[in-house]
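For reference, the structure discussed in these notes is given below.
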Amino acid sequence: MKNKFQEYNKEVMEHFLKPKNSGRIENPDVVGRINNDMCGDVMEISLKIKDNKIKDIKFQTMGCAAAIASSDVLCELAKGKTLDEAKKIDREMIIKNNIKLKLIT
Amino acid sequence: MKSIYLDNAATTQVDKKVVEAMLPYFSEKYGNASSHHLKGQEAKRVLEESRSIIARSISAKDDEIIFTSSGTESNNFALKGLFFANKDNGKNHIITTKIEHDCVLNSCKWLESQGAKVSYLDVDEKGFVNPTDVENTITPETFLVSIIHGNNEIGTIQDIEAIGRICKEKGVLFHIDACQSYTKTKIHVNKQNLDLVTLNAHKIHGPKGIGALFIRKDIKIIPLFHGGGHEKNLRSGTENIPAIVGFAKAVKLAKERDINYVINLRDKFIQGILEIPNTNLNGLKEKRLCNNINVCFNNIEGEAIGGYLDAYGICSSTGSACSSNSLESSHVLKAIGKTDLQINTSIRLSLSKFNTEEEIDYVLKILNKIVEKLRRISPIK
Ligand SMILES: Cc1ncc(COP(=O)(O)O)c(C=O)c1O
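Chain order of the listed sequences is A and B. Residue numbers for the first sequence follow my numbering, beginning at 1 and rising by one. Residue numbers for the second sequence follow my numbering, beginning at 1001 and rising by one.
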């Protein structure tokens, strides 16, 4: 029984409370869904792709504050990138470039 | 921002009258209750008066109350002290449940490493121990049944009368952890056949770091702390007089009408939450601690709900937290058969006499908004 929101910094809370990229794209080109069996999180990403570039990207996530915040950051990082560039986004990039999240294992 | 505190099962606001009662015992009446001089005797007197107030509140005798540092210590003392007092008589079996507080579960686990045998009883889907299971689990080696009276997570109040009768009949000691139920539900050590009762102050608007253990007269128990022989040689260490005074004051201030007030708030709150689609109450509406609410919201994580509530200044608690490095999930919700997913979507809201109806109305309004938003974000519908 615990709340640990003090561990999250301002940027995480901002992405969590006011995500800019939540929702589902209408008529998406691709939809991907992934489950984290360890903590029960589910994340779904919908994409609009043009000329091999991500034109639009939105997320829907069932998860904790950190999961929702990092989903939002992922969308921010991926938007406008080519598919090859987007594939290189990993959790270190999400942490380093945007939110100072602790690594969650 | 004004905060709304809905985590009274974790701890409570110390009543200002309690603080006032404690203050003189820091810098004016600071004597050691073991000293024979004036100041010592002043402390001794208030120590015994406080003991008497707590004894009377559970219909015990004054000399059956031992002060400790906490609910945690009282539970450790009861379990370990009785194990070491009984193990040489060929009695090494403890019966407890799967929904105990960690301080009982971890004490039992440790006792297993010292040669104890422990049975952890199942509960039904609402969180209740079946007294018949207790009866059927007792063996000639059993010396103790230890049961949490009011559950800290889901608020279930166990049928201690029935379990007490069985223990008495079978000649087994009966201990209850009453940290959450004390002053909220009747405790009568004789009518309910209780041999040991764990109490603490910080759940009832008293200070933290003070607890008590009722030990029925003539029960053999080995102390955890050896030293100057305080507390009838059962718990050495200079008594924490200010905290003890605060504890007794909190007990005196606990009133029946506060319970009824909190029950009304709770029922209104539960009704309001259950009007949100796809929610359900963990535990039963009846036989429930007056201040406990635990709800499963389905398809959105409790931790995220808590995060939004926190942003509005509302303090709640979740059954699991994957934000820390370890993934802990509530053993109590697991014991009542909830899936990991359901456990992740549950939150606990616990009230006190200091909460108001306006607060509940406000939180319900916010909660509706939060749930709607998080469900929109969630891919699971
Ligand atoms: C049921 C129960 N038992 C024991 C404890 C431990 O009490 P304390 O915090 O005084 O150590 C608590 C509260 O934390 C509790 O809720």
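Every residue, glycine too, gets a C-beta built ideally from N, C-alpha and C. Nothing here was measured: the structure is a model prediction, and the numbers come from that model.
Can you find a C-beta in chain B that's less than 8 Å from the C-beta of residue i?
i, result
"A:G32", "no"
"A:S70", "no"
"A:A65", "yes"
"A:V42", "yes"
"A:L17", "yes"
"A:M93", "no"
"A:T61", "yes"
Does any C-beta atom of chain A lie closer than 8 Å to the C-beta of residue i?
i, result
"B:Y1005", "no"
"B:L1341", "yes"
"B:S1181", "no"
"B:I1377", "yes"
"B:A1311", "yes"
"B:Y1025", "no"
"B:G1031", "no"
"B:G1307", "yes"
"B:I1293", "no"
"B:A1304", "yes"
"B:N1344", "yes"
"B:I1300", "yes"
"B:I1273", "no"
"B:I1160", "no"
"B:I1380", "yes"
Since residue i contacts residue j with CB under 8 Å, what's their CB separation in whole angstroms?
i, j, result
"B:S1378", "A:M62", "4 Å"
"A:F59", "A:L83", "That pair is no contact at about 17 Å."
"A:D29", "A:K48", "6 Å"
"B:N1032", "B:A1043", "6 Å"
"B:I1053", "B:K1232", "About 18 Å; that fails the 8 Å criterion."
"B:A1248", "B:H1205", "Not really, about 12 Å apart at Cβ, beyond 8 Å."
"B:G1211", "B:T1198", "7 Å"
"B:I1370", "B:N1282", "So it is not a contact: roughly 19 Å between Cβ atoms."
"B:A1116", "B:N1092", "5 Å"
"B:T1097", "B:C1108", "About 10 Å; that fails the 8 Å criterion."
"B:T1156", "B:L1284", "7 Å"
"B:Y1025", "B:V1189", "With 8 Å as the limit, B:Y1025 and B:V1189 do not qualify as a contact, their Cβ atoms being about 28 Å apart."
"B:S1346", "B:C1296", "5 Å"
"B:P1207", "B:G1081", "About 24 Å; that fails the 8 Å criterion."
"B:I1276", "B:N1344", "The pair is not a contact, with the Cβ atoms about 17 Å apart (cut-off 8 Å)."
Can you find the residues in the same chain that come closer than 7 Å, C-beta to C-beta, to residue i, ignoring five residues on each side of it along the sequence?
i, result
"B:G1227", "S1236, G1237"
"B:S1326", "Since pLDDT at B:S1326 reaches only 43, below the 50 mark, its modelled position is unreliable, and the value read off the structure follows with that caveat. So no residue of the chain qualifies."
"B:Y1261", "K1353"
"A:I68", "F16, P19, T61"
"B:K1087", "G1115"
"A:K55", "K48, I49"
"B:N1008", "N1291, S1350, L1351, S1352"
Which chain C residues sit within Cβ distance under 7 Å of residue i?
i, result
"B:E1048", "Absent from the structure: chain C. Protein chains present are A and B."
Among residues of its own chain, excluding the 5 on either side of residue i, which ones have a beta-carbon nearer than 8 Å to its beta-carbon?
i, result
"B:E1112", "V1118"
"B:I1163", "V1129, P1131, V1134, V1145, I1147, F1174"
"B:K1029", "K1039, E1042, A1043, V1046, I1241"
"B:K1268", "E1357, I1360"
"A:M1", "Here A:M1 scores only 37 on pLDDT, less than 50, and its place in the model should not be relied on; the value that follows carries that caveat. Cβ within range, chain order: n/a, list empty."
"B:K1381", "N1299, R1375"
"B:K1126", "T1156, G1283, L1284, I1336"
"B:Y1362", "I1004"
"B:N1264", "none"
Looking only at its own chain, which residues have a Cβ that is under 6 Å from the Cβ of residue i, when we skip the five neighbours before and after it?
i, result
"A:V31", "S46"
"A:I57", "L47, C75, A78, K79"
"B:L957", "Residue 957 of chain B lies beyond the range of chain B shown here (1001 to 1381); nothing can be said about it."
"B:N1278", "N1298"
"B:L1121", "T1097, V1129, D1133"
"B:T1183", "I1204, A1254"
"B:S1324", "Its pLDDT being 40, under 50, B:S1324 is placed unreliably in this model, and the value from its coordinates should be taken loosely. Cβ neighbours of B:S1324 beyond the five flanking positions: none."
"B:Y1308", "I1370"
**Study point:** Whole runs of the alpha helix (DSSP H) within the segment 41-81 of chain A, excluding any shorter than 4 residues
**Key:** 65-78
Review point. Along the chain, which unbroken stretches of the alpha helix (DSSP H) at least 4 residues long are found entirely within the segment 1251-1297 of chain B?
Key: 1256-1274
Point to revise | Residues proximal to ligand 1 by C-beta, any heavy atom closer than 5 Å | key: B:S1070, B:G1071, B:T1072, B:H1101, B:N1152, B:D1177, B:C1179, B:Q1180, B:N1200
Practice item. Could you name each continuous alpha helix (DSSP H) segment of 4 residues or more that falls completely within the segment 1205-1258 of chain B, going from the start of the chain to the end? Key: 1230-1233, 1241-1253
Practice item. Mind listing, in chain order, the continuous alpha helix (DSSP H) runs of no fewer than 4 residues lying wholly within the segment 1318-1372 of chain B? Key: 1331-1335, 1340-1344
Review point. What beta strand (DSSP E) runs, 3 residues minimum, are completely inside the segment 1131-1204 of chain B?
Key: 1142-1148, 1173-1177, 1196-1200
Check your understanding: Which runs of the alpha helix (DSSP H) fall wholly inside the segment 1076-1117 of chain B and span at least 4 residues, in chain order?
Key -> 1102-1113
Exercise for review: Could you pull out every unbroken alpha helix (DSSP H) segment of at least 4 residues lying fully inside the segment 1020-1074 of chain B, listed in chain order?
Suggested key: 1024-1027, 1038-1057
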